[in-house]
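Everything on this sheet refers to the single structure shown next.
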Amino acid sequence: MINFNRFLRKSPRNCSAYNSTSGRFNSPQFQQPDDEQIAQVVAREHSKLEQELEAQARPSCHQRNTHKPLPCSGAYTVFKAGGLERRNFDASSQLTLQADQQIAAKMALYRKGVQEQIEHLLQEKTLEFQVAQSTFKAQRDENASQWAAKIEAVETELRKTLALLPEEHPIAQGDNREPRSSKSTSTHVRKSAAVADGILKLRQNTPRRTNHQQSVRPSPVFSASSLPPPAALPLPQGRSLQHDQHQHHFRAPDEAFSRRHPEVTAQYPRVTATGTTAPTGPLDVRPQRKLNYDVVPAHPNRASLDFRSGKFLVPRGEQKREDVILPLQKAIRTKMQELLGIEYDHFIGDAIRLGHSTPLELSIGAYPSSLIPFRPCWDDLKGEWNQALGDLFLHCFKLEHPELVQNLAQREAYICKHFHQRLRTLRVALDRQARNAQGRITAMGRRSERRRAIYDKRETWTVDNQQALQPSKEPYPILLLYEMVKLLGTDGMSSESSEEMADAKLYAVVEKNWRHPDVIRLLRWIDAHWTRNVGRSTGKPFHERLRLPHGKAAVSLRFPIAGLPRNFYHPGWYNTLSVKQKQRLGAIDETPLPLYLLQYDIPPTTNAGLDH
């Protein structure tokens, strides 16, 4: 027997690809050897074996005149006796054959025992299913019989109520004529209407009968054609009825309901304040139940509009789920988030950065060994890699939550389906997060560029004016402004958030609420001087920026700059800090600010007033 493990041990790359247990190559990059290559390997192994045996057969000085067998890895052993070489076949091959036969017999007995256990378990599960099915049918028949008894009792009450009417009354005669006096029969008619409304509610709330379910309800005595004419029955008192001085006032008709149910509203009369019957027309007939959109055509007010076809789409019916479905979905979602190492779906980007991802080229033809680490293939959600992960997840989930999947074989298919649905949901969240991250990076880069441009402009103005005012020996105010700008730095400048409009861009300044109002006024003073003097020089003009009234400016989320003078911080903001926060801020002693420069006001221009 050729030992392929020794051949594969010489090549680390192929050793990781060959599985000695299953006898297959797992790596897609490794090709299966053909018959010619296998024959070459076998011949090379035989030649090596013969060389080893010949080398071991040569007697040594301490092995002469001994009968001890020399160690040999082949199928026979070489003995030395009196300097003569004798090669006899060893009985190890026979012992190996007997051991293999014993192992095969044990494996056969083990397989037989496992098969018997599986058959026994299958019989038990089948018996449990039959008992549960019979119990469910008995409960269903019992519920149906109870509903039938309720309907029969209400119909009996209606029959007794109709028997109280006089024989000459048109309702008792089954005629569609209007009654002569509505006042004389108002009590009986109101009772009849209430009973009829009760029958309708009972029938609407009765569980629907499926195709395989046999109906045990008796046929109703009063069908739709044999019920009393609704034109003679006033509406039952409800939300649409107001009682005022023993008179009935009805609200305006619901035209939407009238268009959906013309066969109902056309039969009811309009009742005036005096109790008389008005001309026939639609009334405010609103049933006290939720409408079933599977039967009733959808109305534009209750349906969604498809902009591609220009038609209204009928909303889907009410989804009825079992009580165990919601806990099952929650358990699946929690387990997947635990494997990914995240708490919510919008943290899926962190899971990808931690290595919970498999490249597409590695997922083709490979099979994952375990769920730890959990690495789905996000490039091919329907591939074999994720299908194998779904099988492993199902096995692990059944071990951790046996109470959710016991005695229900269809739950296994639902778990796999919901697992792949969760993968699609996480992929959508991952794509959305990638788009948002790219947009945030671009916006932050633009804001940083604007802050840098504002800082360079102010620093340039202070340096140029300081040098220009040196002959006049008045550099002190400009020097203070220069030191103020240098202390604030780039992060101390205000940034702008732009918003696209039809013809131009709208710029809104992001406020830094930690800066002192005096510092902001001095920065505006520098901007005004720059715009009036430097900004009017020849060359390419500045871009016009549209700034509209937008109320209070947005507050910046960036951290304040530490280590500034005390008078650079806003007093109201500084007093709200705790002792520990003030220590971390590290404000230094106050420095003088040239506030007397503010008396030389300059009219603002279009580009002035960048700070708030």
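Counting from 1021, one number per residue, gives the positions in the sequence shown under this note's numbering.
We treat Cβ as the ideally placed atom computed from N, Cα and C, and that holds for glycine.
(1) Quick check: what's the CA-CA separation for Arg-1444 versus Thr-1462?
(2) Leaving out five residues before and five after Ala-1125 in sequence, what residues of the same chain have Cβ atoms less than 7 Å from its Cβ?
(3) I want to see whether chain C comes within less than 8 Å of Pro-1614, judged by CB atoms only; does it?
(4) List the endpoints of the continuous alpha helix (DSSP H) containing Asn-1533.
(5) Just the C-alpha distance for Tyr-1434 and Phe-1417, rounded to the nearest angstrom, thanks.
(6) Inspect the beta-carbon positions of His-1536 and Asn-1587 and report whether they are closer than 8 Å.
(7) What do you reckon, are the CB atoms on Ile-1540 and Met-1513 nearer than 8 Å?
(8) When the Cα of Ala-1454 is compared with those of Pro-1422, Ala-1158, His-1366, which residue comes out closest?
(9) Using three-state DSSP, classify Ile-1608 as helix, strand or coil.
(10) Alpha carbon to alpha carbon, how far is Thr-1611 from Pro-1396?
(11) So Met-998 is in the alpha helix (DSSP H); what residue range does that whole segment cover?
(12) Roughly how many angstroms lie between the CA atoms of Glu-1162 and Val-1151, to the nearest whole one?
(13) Just to check my reading of the structure: Gln-1012 and His-1438 have Cβ atoms closer than 8 Å, yes? What is that Cβ distance to the nearest angstrom?
(14) Would you say Ile-1581 and Asp-1476 are within 8 Å of each other, going by their C-beta atoms?
(15) Drop a sphere of 10 angstroms on the beta-carbon of Ala-1169, count the other beta-carbons inside from all chains shown, and report buried for 16 or more, exposed for fewer.
(16) With a cut-off of 8 Å on the beta carbons, I'd call His-1440 and Leu-1401 a contact; round off their distance for me.
(17) In angstroms with no decimal places, state the Cα-to-Cα distance between Glu-1198 and Lys-1157.
(18) Taking all protein chains shown into account, decide if His-1549 is buried (16 or more other Cβ within 10 angstroms of its Cβ) or exposed.
(19) Could you check if Lys-1132 is buried or exposed, using at least 16 other CB atoms within 10 Å of its CB as the buried criterion?
(20) Out of Leu-1380, Ile-1392, Pro-1393, which has the shortest C-alpha to C-alpha gap to Trp-1405?
(21) What are the start and end residues of the alpha helix (DSSP H) that includes Ile-1368?
(22) Pull up the CB-CB distance for Ile-1608 and Pro-1591, whole angstroms please, since I reckon it's below 8 Å.
(23) For the putative contact between Leu-1500 and Trp-1545, defined by C-beta atoms under 8 Å, what is the C-beta separation to the nearest angstrom?
(24) When the Cα atoms are used, what is the spatial distance from Arg-1471 to Val-1505?
(25) Asn-1533 and Trp-1593 look like a contact to me (Cβ under 8 Å); what is the Cβ gap, rounded to whole Å?
(26) Tell me, which residues are paired with Val-1448 by DSSP?
(27) Suppose the cutoff is 8 Å on Cβ atoms and the five residues either side in sequence are ignored; what does the same chain contact list for Leu-1597 look like?
(28) Report the three-state DSSP secondary structure of Pro-1497 (helix, strand or coil).
(29) Just reading off the alpha helix (DSSP H) that Gly-1410 is part of, what are its end residues?
(30) Short of 8 Å in beta carbon distance, which residues of its chain neighbour Ile-1372, apart from the five on each side in sequence? Order them along the chain.
(31) Should Leu-1613 and Asp-1538 be called a contact, given that it needs their Cβ atoms to be closer than 8 Å?
(32) Buried or exposed: where does Lys-1068 fall if 16 or more other Cβ atoms within 10 Å of its Cβ makes it buried?
(33) Out of Ile-1345, Tyr-1589, Val-1174, which one is the CA nearest neighbour of Gln-1430?
(34) Please state whether the Cβ-Cβ distance between Arg-1442 and Ile-1352 is less than 8 Å.
(35) Any idea what DSSP makes of Pro-1585, helix, strand or coil?
(36) Starting from Tyr-1364, follow the alpha helix (DSSP H) in both directions and report where the run begins and ends.
Walking through what the data contain:
(1) 27 Å
(2) none
(3) Of the protein chains in this structure there is only one, and it is not chain C.
(4) Segment: none, Asn-1533 is in no alpha helix (DSSP H) and carries neither H nor E.
(5) 12 Å
(6) yes
(7) no
(8) His-1366
(9) strand
(10) 59 Å
(11) The requested residue 998 is not part of the displayed model; the chain covers only 1021 to 1632.
(12) 17 Å
(13) With the chain running from 1021 to 1632 in the structure shown, residue 1012 is simply not present.
(14) no
(15) exposed
(16) 7 Å
(17) In this prediction, Glu-1198 scores a pLDDT of 46, lower than 50, which makes its location untrustworthy; no coordinate-derived value is stated.
(18) buried
(19) exposed
(20) Leu-1380
(21) 1368-1373
(22) No, Ile-1608 and Pro-1591 are not in contact; Cβ-Cβ is about 16 Å, not under 8 Å.
(23) With 8 Å as the limit, Leu-1500 and Trp-1545 do not qualify as a contact, their Cβ atoms being about 12 Å apart.
(24) 12 Å
(25) 6 Å
(26) In DSSP, Val-1448 forms no bridge with anything.
(27) Leu-1605
(28) helix
(29) 1404-1420
(30) Trp-1398, Leu-1450
(31) yes
(32) exposed
(33) Ile-1345
(34) yes
(35) strand
(36) Tyr-1364 -> no alpha helix (DSSP H), and no H or E assigned at all.
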